[in-house]
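Trainee:
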Amino acid sequence: MSLVRKGRLITVIGLGLLAAVYVRALAFTPVEQLQGPAQKIYYLHVPAAIWTETAMILVGLAGIFYLFLKDPRLDRFAAASAEAGTVFAGVVLTTGPIWGKPIWGTWWTWDARLTSMLFLFFLYIGYLLLRGAIEDAALRARYAAVLGICGMCLVPFIHLSVYLFPTLHPQPIVLKPSAPSLPGSMLVTLLLSFGVFTLLYVGFVMQRYALALGREQRDGRNADA
Amino acid sequence: MSDWLSQAWTVARKDLLLEFRTRTAIVSALVFTALVLTVFNFGRDPTAVPTIDLAPTILWVTFTFAAMLTMNRAFQLELENDALEGLLASPLSRTSLYWGKLLANLVFVALVEAVGLPLFVLFFNVPVAAVLLPLVGVIALATLGFVAVGTLFGALVIRTRFAELLLVVILLPFLIPPLAGAVQVTAGLLGGRPLSESAGWLRLLAAYDIAFVTLATLLFPFTVDE
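Protein chains in written order, with my numbering: chain A, 21 to 245; chain B, 1216 to 1441.
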């Protein structure tokens, strides 16, 4: 089976499982006392947010290894990961306002967390724009690696600024220094959803990787001809 | 160590000398700063928003925008007559080249800020005399961080299409932590609150400077070497 088919299969399985997770979230997970049904979007929002940041870190790590190993596979992976990350950032930025409207009474607020996610989204776009603006493949890979590494280092600063700004956004209740303060059944749903998003990430990256590889082979053939 | 610094200074002096002989970029940057401050004056309703509430924002948006426009210059001028190839072929170390460019950019931005700050005080009637020293310290702390990143990205974009526009697009997300920190600390200072209240932001600014100066120094060779 070709890589793109495998990626497509994993994505389809992931989407199917996502539907299953939402059956569990809606029918078998308790409704949050204060927020009511609006809280159900949490199971989409949080895994997508975690993968948005993880994808950026993977772009940076791939960049570091690329600068030393000069392996084009690492560059293709970084590009694919950035594209998947952009999609997840889009999911976070869409689900957030949908939740914010009933709970906060506003679609958008210039809160540090929202702002930092928006800037992460811009960071991804900038990364993809830089890739698009360079013709030479080796130069593009090198420059993209440098920007990717800087982007990875920016993530903790964005996180730090979250704790310094007065914020409307709920504080993390799972990924924090003390034990998770989420009820067990909700935590299970969240973890299942996180697993599904991991599958989706892998599926997306495999498909985009295959596409990048195909594009390189086509360019190579054109250059020969 | 001293050898490496003197090499960096040679590069910086070359850039600054070139600039002060033509004076096109610095004059443009200064006029731009004055214009942005003027635009801010007309871009707000003075009866609705007291100047002091808006002052830190005006100051920092002006400084960061002016700084961003000057970042392109450092490497753009080396493209002419393939001067960059000459620099790379010379016995200069890559680190010295980066630090030279960084120093020149810092002097450049510092000049813009040195003119911008009095203009800002004049136009918006902000009392800074009592907090001048800490304010200058905060400006220096925040400027170092974003000029370090800007200098590195300046080297990244020179061989791309739409270099000026692309630099702004990739640089702005990186300006957010120093900009946010600088605005918060400046607001605290202008509001007469003690500096210790902004300790968290100052630590963030310092950490940003250390992280990105180091990172840019390490990554710079990859942007110029084949």
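We treat Cβ as the ideally placed atom computed from N, Cα and C, and that holds for glycine.
Could one say the Cβ of residue 30 of chain A lies closer than 8 Å to chain B's Cβ atoms, at least one of them?
Mentor: For the purposes of this step, residue 30 of chain A is taken as the residue at position 10 of the first sequence. Chain B contact via Cβ: absent.
Trainee: Would the region 1341-1354 of chain B and the region 123-141 of chain A be scored as touching if the rule is three or more Cβ pairs under 8 Å?
Mentor: Flag = no, the region 1341-1354 of chain B and the region 123-141 of chain A do not touch.
Trainee: The alpha helix (DSSP H) that contains residue 1218 of chain B, what's its start and end?
Mentor: As a first step, residue 1218 of chain B is located in the second sequence; it is residue number 3 there, counting from the start. Residues 1217-1237.
Trainee: Does the distance from the C-beta atom of residue 1381 of chain B to that of residue 1375 of chain B stay below 8 Å?
Mentor: Here the question's residue 1381 of chain B lines up with position 166 in the second sequence. Here the question's residue 1375 of chain B lines up with position 160 in the second sequence. Contact: yes.
Trainee: From residue 92 of chain A to residue 102 of chain A, what distance separates their C-alpha atoms?
Mentor: On the first sequence, residue 92 of chain A is found 72 positions in, with the first residue counted as 1. On the first sequence, residue 102 of chain A is found 82 positions in, with the first residue counted as 1. In a straight line, the C-alpha of residue 92 of chain A is about 15 Å away from that of residue 102 of chain A.
Trainee: Which whole-angstrom value is the C-beta distance of residue 1226 of chain B and residue 1359 of chain B, which I expect to be below 8 Å?
Mentor: The residue labelled residue 1226 of chain B in the question sits at position 11 within the second sequence. The residue labelled residue 1359 of chain B in the question sits at position 144 within the second sequence. The pair is not a contact, with the Cβ atoms about 18 Å apart (cut-off 8 Å).
Trainee: Leaving out the 5 sequence neighbours to the left and right, which residues in its chain are closer than 7 Å to residue 61 of chain A when beta-carbon positions are compared?
Mentor: The count along the first sequence starts at 1 and reaches residue 61 of chain A at position 41. Closer than 7 Å at Cβ, skipping near neighbours: 115, 118, 119.
Trainee: May I have the straight-line CA-CA distance separating residue 104 of chain A from residue 1428 of chain B, to the nearest angstrom?
Mentor: The residue labelled residue 104 of chain A in the question sits at position 84 within the first sequence. The residue labelled residue 1428 of chain B in the question sits at position 213 within the second sequence. Straight-line Cα distance between these residues: approximately 29 Å.
Trainee: Does the beta-carbon distance from residue 151 of chain A to residue 230 of chain A come in below 8 Å?
Mentor: For the purposes of this step, residue 151 of chain A is identified with residue 131 of the first sequence, where counting begins at 1. For the purposes of this step, residue 230 of chain A is identified with residue 210 of the first sequence, where counting begins at 1. No; because the gap between Cβ atoms is not below 8 Å, this pair is not in contact.
Trainee: Alpha carbon to alpha carbon, how far is residue 1253 of chain B from residue 1344 of chain B?
Mentor: Against the second sequence, residue 1253 of chain B aligns to sequence position 38. Against the second sequence, residue 1344 of chain B aligns to sequence position 129. Rounded to whole angstroms, residue 1253 of chain B to residue 1344 of chain B spans 22 Å at the Cα level.
Trainee: Spell out a yes or no on whether the region 1267-1278 of chain B and the region 1398-1407 of chain B are touching, meaning 3 or more CB-CB pairs, one atom from each, closer than 8 Å.
Mentor: Result yes; three or more Cβ-Cβ pairs closer than 8 Å.
Trainee: Below 7 Å, is the gap between the Cβ of residue 1270 of chain B and the nearest heavy atom of the ligand SAM?
Mentor: By its list of ligands, the structure shown contains no ligand whatsoever, and the ligand SAM lies outside what it can speak to.
Trainee: Can you give me the C-alpha to C-alpha distance between residue 1233 of chain B and residue 1390 of chain B, rounded to a whole angstrom?
Mentor: On the second sequence, position 18 is the one that residue 1233 of chain B refers to. On the second sequence, position 175 is the one that residue 1390 of chain B refers to. Roughly 28 Å separates the two Cα atoms.
Trainee: Rounded to the nearest angstrom, what separates residue 237 of chain A and residue 162 of chain A at their Cα positions?
Mentor: The count along the first sequence starts at 1 and reaches residue 237 of chain A at position 217. The count along the first sequence starts at 1 and reaches residue 162 of chain A at position 142. The straight-line gap from Cα to Cα measures roughly 19 Å.
Trainee: Using alpha carbons as the reference points, say which of B:1314, B:1426, B:1364 lies closest to residue 1220 of chain B.
Mentor: For the purposes of this step, residue 1220 of chain B is taken as the residue at position 5 of the second sequence. Among B:1314, B:1426, B:1364, the Cα nearest to that of residue 1220 of chain B belongs to B:1314.
Trainee: Please work out which residues of its chain come closer than 7 Å, Cβ to Cβ, to residue 1317 of chain B, disregarding the five sequence neighbours upstream and downstream, and give them in chain order.
Mentor: Locating residue 1317 of chain B in the second sequence gives position 102, where the first residue counts as 1. Result list for residue 1317 of chain B: 1362, 1363, 1366, in chain order.
Trainee: At which residue ranges does the region 1358-1387 of chain B contain complete beta strand (DSSP E) runs of 3 or more residues, listed in the order of the chain?
Mentor: For the region 1358-1387 of chain B, not a single whole beta strand (DSSP E) run of length 3 or above is found.
Trainee: Quick one: is residue 1384 of chain B near chain A, going by C-beta distance under 8 Å?
Mentor: By one-based count along the second sequence, residue 1384 of chain B stands at place 169. Judged by the 8 Å Cβ criterion, residue 1384 of chain B is in contact with chain A.
Trainee: Could you check how far apart the C-beta atoms of residue 175 of chain A and residue 73 of chain A are, in whole angstroms? I think they sit under 8 Å.
Mentor: What you label residue 175 of chain A is simply residue 155 of the first sequence in a count that begins at 1. What you label residue 73 of chain A is simply residue 53 of the first sequence in a count that begins at 1. Between residue 73 of chain A and residue 175 of chain A the Cβ distance is about 6 Å, and since that is below 8 Å, they are a contact.
Trainee: Are there 16 or more other CB atoms within 10 angstroms of the CB of residue 155 of chain A, so buried, or fewer, so exposed?
Mentor: Numbered from its first residue, the first sequence carries residue 155 of chain A at position 135. Under this definition residue 155 of chain A is an exposed residue.
Trainee: Could you pull the start and end residues of the alpha helix (DSSP H) that residue 1425 of chain B belongs to?
Mentor: Start at 1 with the first residue of the second sequence, and residue 1425 of chain B comes out as number 210. Taken as a continuous stretch (DSSP letters only), the alpha helix (DSSP H) holding residue 1425 of chain B covers 1414-1439.
Trainee: Measure from the alpha carbon of residue 1323 of chain B to the alpha carbon of each residue in B:1298, B:1395, B:1289, B:1300, then state which is nearest.
Mentor: As a working mapping, residue 1323 of chain B is identified with position 108 in the second sequence. For the residues B:1298, B:1395, B:1289, B:1300, the minimum Cα distance to residue 1323 of chain B belongs to B:1289.
Trainee: Which same chain residues end up closer than 6 Å to residue 18 of chain A when comparing Cβ atoms and leaving out the 5 residues on each side of it in sequence?
Mentor: The requested residue 18 of chain A is not part of the displayed model; chain A covers only 21 to 245.
Trainee: Out of A:71, A:244, A:159, which has the shortest C-alpha to C-alpha gap to residue 95 of chain A?
Mentor: Along the first sequence, read from residue 1 onward, the residue named residue 95 of chain A stands at position 75. Residue A:159 is the option with its Cα nearest to residue 95 of chain A.
Trainee: Can you confirm whether residue 133 of chain A, when its beta carbon is compared against all beta carbons of chain B, has any partner nearer than 8 Å?
Mentor: Translated into the one-based positions of the first sequence, residue 133 of chain A becomes position 113. So no, residue 133 of chain A is outside the interface.
Trainee: Would you report the Cα separation of residue 147 of chain A and residue 86 of chain A, rounded to the nearest angstrom?
Mentor: Taking the first sequence and counting its residues from 1, one reaches residue 147 of chain A at position 127. Taking the first sequence and counting its residues from 1, one reaches residue 86 of chain A at position 66. Spanning the two alpha carbons is a distance of roughly 16 Å.
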